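Just so we're aligned: the sequence shown equals residues 787 to 971 in the numbering used here.
First comes the structure, then the notes that go with it.
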Amino acid sequence: MKQVAIFASGTGSNFEAIVDDVRLKDYMEVKLLVCDQAHALVIDKAKKRNIETFVFSAQNFKNKNEYEKIILEKVKDFDFIFLAGYMRLISSEFLNTFKKPILNIHPSLLPKYKGKDAILQAYNQNEQIIGVTIHYVNEEMDGGEIIASDSIKVEENESLASVTKRIHQLEHQLYPKIILELVRK
Ligand code: GRF
């Protein structure tokens with residue numbers, strides 16, 4: 787049984803999609819949520835499922851190294867880390883120490899539209915095809931080798947809200963599917 791941590795800072799809909807996926811339960815256990823936002827909705831989602839949480843505030847630490855040291859101690863024996871809306875870069879020291887795969891999901895067809903508000907960025911550019919990407923994490927924002935992507939075709943006059951909803955639905959399908967392929971190996 788693989789042991790994994792999920793790092794998330796937001797509503798946690800991807801966290802939920804991964805944790806509740808029945809296919810994954812045979813292969814992995816989500817042992818820890820790491821969250822850098824004290825009021826993030828994802829924290830309750832973890833607590834309801836009896837998943838341990840480590841919630842921290844970066845401003846209470848001298849630097850990234852200080853809080854990453856604590857996180858590393860907690861995750862060092864885990865097999866995978868999945869980022870799902872975690873809003874911080876992982877340092878190269880962390881990557882070099884942990885050494886095992888860290889994945890991220892980003893709501894754009896990378897390398898386009900890195901960073902915040904990726905769906906809005908693509909929508910404002912009148913992209914006809916908007917997608918999501920799963921990639922290995924490196925020290926760059928939304929960088930790292932691409933593992934998989936999927937996309938939707940934007941309908942004529944489709945609202946941003948509708949596109950956003952469909953992109954999130956796509957994320958909730960794609961991330962657990964790719965994780966399943968990985969943890970099964
Ligand atoms: C998702 O769109 C994910 O792709 C991005 O951050 C968002 C997190 O949403 N990295 P949620 O907290 O999983 O609902």
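For glycine and all other residues, C-beta sits at the position ideal for the given N, C-alpha and C.
What you are looking at is a predicted structure, and each value in this text was computed from that prediction instead of being measured.
Decide if residue i is buried, meaning its Cβ has at least 16 other Cβ atoms within 10 Å, or exposed.
i	result
Gly901	exposed
Lys831	buried
Ala824	exposed
Ser894	buried
Leu946	exposed
Asn910	exposed
Asn943	exposed
Who are the near neighbours of residue i in its chain, counting only those whose CB is closer than 7 Å to its CB and skipping five residues on each side?
i	result
Ala803	His958, Tyr961 and Pro962
Leu875	Glu925 and Met927
Tyr853	Phe842, Ala844 and Phe847
Could you round the C-beta distance between residue i and residue j to whole angstroms and report it? I think they count as a contact, below 8 Å.
i	j	result
Glu838	Leu810	18 Å between Cβ atoms; not a contact.
Tyr922	Pro887	6 Å
Ile933	Leu881	The Cβ separation is near 16 Å, so there is no contact.
Phe884	Lys860	That belief does not hold up - the Cβ atoms of Phe884 and Lys860 are roughly 11 Å apart, past 8 Å.
Taking 6 Å as the limit between beta carbons, can you name the residues of its chain near residue i, skipping five residues before and five after?
i	result
Lys850	Ser877
Glu925	Ser878
Apart from the five residues just before and just after residue i, which ones in its own chain have a Cβ nearer than 8 Å to its Cβ?
i	result
Glu815	Met787, Lys788, Gln789 and Val790
Ser980	Absent from the structure is residue 980, since the part of the chain shown begins at 787 and ends at 971.
Leu966	Asp807, Arg809, Leu810 and Tyr813
Point to revise | Validate contact between the stretch 788 to 796 and the stretch 861 to 881 using beta carbons, cut 8 Å, 3 pairs | key: yes
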